[in-house]
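Comments concern the structure below.
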Amino acid sequence: MSEETSAATQYLSFILAGEEYALGILRVKEIIEYDTVTRVPGAPVWVRGVFNLRGSVVPVVDLTVKLGLPPIQLTRRSCIVVVEVKQGNEDIVLGLLADAIGQVIELGPEDVAPPPAFGTPVHVDYLLGMGRVGTARKFILLLDIDKVLSGQEVLSATALRAPPGEETERPTGKVA
Amino acid sequence: MNKRILARGLLLHSDPMTPELEKIHALFLAEAEEQLATLEQGLLALERTSGPQSLSSLLCTLHTLKGGAGAVGLTETVELAHLLEDLLTRVEAQAIVLHAGLGSLLLQAVDVLREQVGLAPASEPAQRLPALEVRRLLESTLKAARPVPSRAAVPERSASSSEPTVLREHTLRVGLGRLDRMLDLTGEISIARGRLAEMLAQAHRYTPQQLLEAHRDGDRLYLDLQELVMKVRMVPIGRTFQPFVRTVRDLGLAMGKQVRCELSGEDVEVDTTIAELIRDPLTHLVRNAMDHGLETPEVRQARGKEPTGSLSLRAFHDAGTLVIQVVDDGAGLDRERITARARALGLLGPEETPDDGALLRLILAPGFSTAERITELSGRGVGMDVVKRNVESLRGTVSVDSTPGQGTTFSLRLPLTLSIIEGFNVAVGNETYVIPLQNVLECVELPAAESRPGRTGFFSLRGAALPYLRLREHFGLGGSTPARENLVVIGHERGLAGLAVDTLLGQGQTVIKPLGRFCQGLPGLSGSTLLGDGRVALILDVPALLQQVLQAAPPAALA
Numbered sequence: 001m002s003e004e005t006s007a008a009t010q011y012l013s014f015i016l017a018g019e020e021y022a023l024g025i026l027r028v029k030e031i032i033e034y035d036t037v038t039r040v041p042g043a044p045v046w047v048r049g050v051f052n053l054r055g056s057v058v059p060v061v062d063l064t065v066k067l068g069l070p071p072i073q074l075t076r077r078s079c080i081v082v083v084e085v086k087q088g089n090e091d092i093v094l095g096l097l098a099d100a101i102g103q104v105i106e107l108g109p110e111d112v113a114p115p116p117a118f119g120t121p122v123h124v125d126y127l128l129g130m131g132r133v134g135t136a137r138k139f140i141l142l143l144d145i146d147k148v149l150s151g152q153e154v155l156s157a158t159a160l161r162a163p164p165g166e167e168t169e170r171p172t173g174k175v176a
Numbered sequence: 177m178n179k180r181i182l183a184r185g186l187l188l189h190s191d192p193m194t195p196e197l198e199k200i201h202a203l204f205l206a207e208a209e210e211q212l213a214t215l216e217q218g219l220l221a222l223e224r225t226s227g228p229q230s231l232s233s234l235l236c237t238l239h240t241l242k243g244g245a246g247a248v249g250l251t252e253t254v255e256l257a258h259l260l261e262d263l264l265t266r267v268e269a270q271a272i273v274l275h276a277g278l279g280s281l282l283l284q285a286v287d288v289l290r291e292q293v294g295l296a297p298a299s300e301p302a303q304r305l306p307a308l309e310v311r312r313l314l315e316s317t318l319k320a321a322r323p324v325p326s327r328a329a330v331p332e333r334s335a336s337s338s339e340p341t342v343l344r345e346h347t348l349r350v351g352l353g354r355l356d357r358m359l360d361l362t363g364e365i366s367i368a369r370g371r372l373a374e375m376l377a378q379a380h381r382y383t384p385q386q387l388l389e390a391h392r393d394g395d396r397l398y399l400d401l402q403e404l405v406m407k408v409r410m411v412p413i414g415r416t417f418q419p420f421v422r423t424v425r426d427l428g429l430a431m432g433k434q435v436r437c438e439l440s441g442e443d444v445e446v447d448t449t450i451a452e453l454i455r456d457p458l459t460h461l462v463r464n465a466m467d468h469g470l471e472t473p474e475v476r477q478a479r480g481k482e483p484t485g486s487l488s489l490r491a492f493h494d495a496g497t498l499v500i501q502v503v504d505d506g507a508g509l510d511r512e513r514i515t516a517r518a519r520a521l522g523l524l525g526p527e528e529t530p531d532d533g534a535l536l537r538l539i540l541a542p543g544f545s546t547a548e549r550i551t552e553l554s555g556r557g558v559g560m561d562v563v564k565r566n567v568e569s570l571r572g573t574v575s576v577d578s579t580p581g582q583g584t585t586f587s588l589r590l591p592l593t594l595s596i597i598e599g600f601n602v603a604v605g606n607e608t609y610v611i612p613l614q615n616v617l618e619c620v621e622l623p624a625a626e627s628r629p630g631r632t633g634f635f636s637l638r639g640a641a642l643p644y645l646r647l648r649e650h651f652g653l654g655g656s657t658p659a660r661e662n663l664v665v666i667g668h669e670r671g672l673a674g675l676a677v678d679t680l681l682g683q684g685q686t687v688i689k690p691l692g693r694f695c696q697g698l699p700g701l702s703g704s705t706l707l708g709d710g711r712v713a714l715i716l717d718v719p720a721l722l723q724q725v726l727q728a729a730p731p732a733a734l735a
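Same order as they appear, the protein sequences are chains Z and D. The opening residue of the first sequence carries number 1 in the numbering used here; numbering runs sequentially from there. The opening residue of the second sequence carries number 177 in the numbering used here; numbering runs sequentially from there.
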């Protein structure tokens, strides 16, 4: 996460439910047009499906569902921000569905303020801070993407849907 | 010379974070793993053929290992290897007799070495001596053999020096010839691509046939490359079988059973993933055969058999699949005990007498055990259902064949490769699904008259009632069912079932892609694949899908 806290970091902003959010640009691998996404029955509700990223099958996360925002409306400007998320030792590549792409912004430490205790559309735990941009002093919400997609939640989301047999990992006994 | 190696080792060790050192360590681990396996096999062979023989190859391996360990700064390993070397020199000079006790000690020393270099221990931790004990025993054996020139006291070493920090890389040795051919092919493919691109840029000059021909040229090269790459992933199964010789030996000694371990088909090639994943099921089956199948020498003699039993691990190809068998000539499955236990557990009605197939389903059921007491082997909290699950996750099947008093054969039938399957494509609405062809028996049209609305229904297939599952409803895809639906008849454990889909698209090779972290392990889906138009299609896991339906079926109300 060091790239987000070092001096004058670049961020990529995108629009979710009318609000502008941003991610550290080093996390972003590419931005692609929203194309066919295959639904995966039984996957967590915030997983919109999977798509083909040059031969790899990559899940698309619907952040509006994950963050409890009003649901996304697909338009011509909808796009997928492909990011790399760290979970333990693993780097996972996944797509984030966004209403539109914003801009690339540069923020120094003095431009980032801690989020208020409440009032933000997204829970403060999911925010690294608020970035002040331009002369208009508009706020951009800086997402803590690792936390949003933390391993704990990912695990519980999939465990709920595992068949009941899965949990009985180690039955006792042996056969004659 | 040793000193020099050690000095180099320390030098490298003083800067533990360099990527170079990590690379050296990874290389060392890959080599050490092989050397230790060779050592183990050599020691086991040595035990079997008692008599004067040359130990030079063993000593050579040990020496190489010692050098490698020195280079990465594993002083403890160097010392232990040196001790082993000394001891084996004595054995070669016949100053020490190699008896079973010493054999066990030497093998345990190999285990300790394995642990020290940071490789996973191969045998049960409970049966092992601590490293220091092994070392002490080796030293005393060495002293007892002949007065040894006094060696300098062991220098004190930090306990953490042997702590492994580098994760072991999964490596594979590939023949240089194969790699050369791959490089050739990639070169030719790039030429073909260039030519095709050039032709397409001036497409007006060529006929569609000419363009297609140019594309096909490249295609042929590509298919060759694909086949070659698949072959590179194949490894002989012998490497997987070898460690079991040791397991059988150790278990035989521990249980007072005389067992000969026979391997056959060691050069049969399997996908490296299969070789890796088949280890656990085999361990279960081998232990099971040792514990329950094979009898003690006294019992065997009383039954008119030779005192030494045999346990074979076999591998062979059969009809495009790989078959691995664990065969013992022991007592055979105790049908009465299994039946009695199944009745006690309520898995079987009081009057039912199961055939072999049904019997197998019983013993592979979770939590099933007929062991009267919990032994060291059977009380480990893992059952035969693990075998079943692991084999099924490899898209294989398990079967058993047993003759009372003559032995039991477990057969595991596995696909040759995991990355490509023959698939049968079907469509539901806008979605395409792939059913593994091995599950597909036939396809029939579902007559509108027999179609029942809802998730499931049944249909008369040549007079028999065939239950079916409507994928559209099951996956909640929405949309309306078309007037004409098709049924894919699939075979599973309990018989036949149908999958109702909109359209049948036909069969073809399917390259399996993992679904990624968020969508992994979902019931009914085993992976995904890419279609010709770039879309992702899901591959259905037929047994899990049907299991899900069965579990969801409400139990009949009891009167």
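Each residue gets a CB set at the ideal place from its N, CA and C atoms; glycine is no exception.
Sequence-distant residues of its chain with Cβ nearer than 6 Å to residue i (five each side left out)
i, result
"Z:A17", "T64, L69 and P70"
"D:H650", "R631"
"D:V119", "Within the shown structure, residues of chain D are numbered from 177 to 735, placing residue 119 of chain D beyond reach of any answer."
"D:K199", "none"
"D:A491", "I413, G441, V444 and I500"
"D:R479", "none"
"D:V254", "K242, A245 and G246"
"D:L282", "L219"
Neighbour list for residue i in chain D, Cβ cutoff strictly below 9 Å
i, result
"Z:V47", "F694 and C695"
"Z:P59", "L691, G692, R693, F694 and C695"
Nearest-angstrom Cβ-Cβ length linking residue i and residue j, presumed shorter than 8 Å
i, j, result
"Z:R54", "Z:L97", "That pair is no contact at about 19 Å."
"D:L295", "D:L264", "No, D:L295 and D:L264 are not in contact; Cβ-Cβ is about 21 Å, not under 8 Å."
"D:F634", "D:L642", "6 Å"
"D:P473", "D:P483", "4 Å"
Sequence-distant residues of the same chain with beta carbon closer than 8 Å to residue i, five excluded per side
i, result
"D:P325", "Any reading at D:P325 must be qualified, since the residue scores a pLDDT of 46, below 50, and its modelled position is unreliable; the value itself is stated next. Hits under 8 Å: none found."
"D:L397", "L361, E364, I365 and A368"
"Z:V50", "V37, T38, V40, V57, V58, P59 and V60"
"D:L613", "I597, E598, G599, F600 and Q683"
Contact set between residue i and chain D, taken where Cβ atoms lie within less than 7 Å
i, result
"Z:P189", "Residue 189 of chain Z cannot be examined here, being either before or after the span of chain Z that is shown, 1 to 176."
"Z:T64", "Result: empty, since nearest Cβ-Cβ is about 16 Å, beyond 7 Å."
"Z:F51", "V712"
Contacts of residue i in chain D (Cβ-Cβ under 8 Å)
i, result
"Z:I92", "G692 and R693"
"Z:T38", "E607, S704, R711, V712, A713 and L714"
Residue i: contacting residues in chain Z (beta-carbon distance under 8 Å)
i, result
"D:G700", "P41 and G42"
Cut-off 7 Å between Cβ atoms - residues of its own chain near residue i, not counting five sequence neighbours on either side
i, result
"Z:S13", "E20, Y21, A22, G102, Q103, I105 and I140"
"D:H493", "V444"
"D:V604", "L647, R648, L653, V677 and D678"
"D:L313", "L281"
"D:A735", "Note that D:A735 has pLDDT 41, beneath the 50 cutoff, so the model's placement of it is unreliable and the number below is only indicative. Once the five neighbours on either side are set aside, D:A735 has no close Cβ partner at all."
"Z:I25", "Q10, Y11, L12 and V104"
"D:H258", "K242"
Listed by chain order, chain Z residues near residue i by CB distance under 7 Å
i, result
"D:G652", "P41"
**Asked** With a cut-off of 8 Å, do at least 3 Cβ pairs link the region 497-510 of chain D to the region 581-597 of chain D?
**Response** yes
**Message:** Does the region 210-221 of chain D come into contact with the region 272-287 of chain D, if we say contact requires no fewer than three beta-carbon pairs (one atom in each stretch) closer than 8 Å?
**Reply:** yes
**Prompt:** What are the complete alpha helix (DSSP H) segments, minimum 4 residues, inside the region 454-490 of chain D?
**Reply:** 455-464 and 473-478
**Message:** Is it the case that the region 379-386 of chain D contacts the region 406-422 of chain D, given that we only count it when at least three CB pairs across the two stretches are under 8 Å?
**Reply:** no
**Item:** Continuous beta strand (DSSP E) assignments of at least 3 residues falling wholly in the region 393-436 of chain D
**Value:** 410-412
**Prompt:** Of all the beta strand (DSSP E) runs that stay within the bounds of the region 60-138 of chain Z, which reach a length of 3 or more residues?
**Reply:** 79-87, 90-98, 100-107 and 127-133
**Prompt:** If we count Cβ pairs, one from each stretch, closer than 8 Å, do we get three or more for the region 430-438 of chain D versus the region 384-395 of chain D?
**Reply:** no
**Message:** Please give the ranges of any beta strand (DSSP E) in the region 577-650 of chain D, keeping only runs that are unbroken, at least 3 residues long and fully inside the region.
**Reply:** 583-591, 596-604, 607-612, 616-622, 632-637 and 640-646
**Given 8 Å, three or more beta-carbon pairs between the region 659-677 of chain D and the region 686-700 of chain D** = no
**Item:** Segment contact flag, the region 660-667 of chain D with the region 591-598 of chain D, C-beta cutoff 8 Å, min 3 pairs
**Value:** no
**Request:** May I ask you to verify whether the region 107-123 of chain Z touches the region 77-87 of chain Z, counting CB pairs closer than 8 Å and requiring at least 3?
**Result:** no
**Request:** Ignoring anything shorter than 4 residues or poking outside the region 210-289 of chain D, list the alpha helix (DSSP H) runs there in chain order.
**Result:** 232-247 and 251-268
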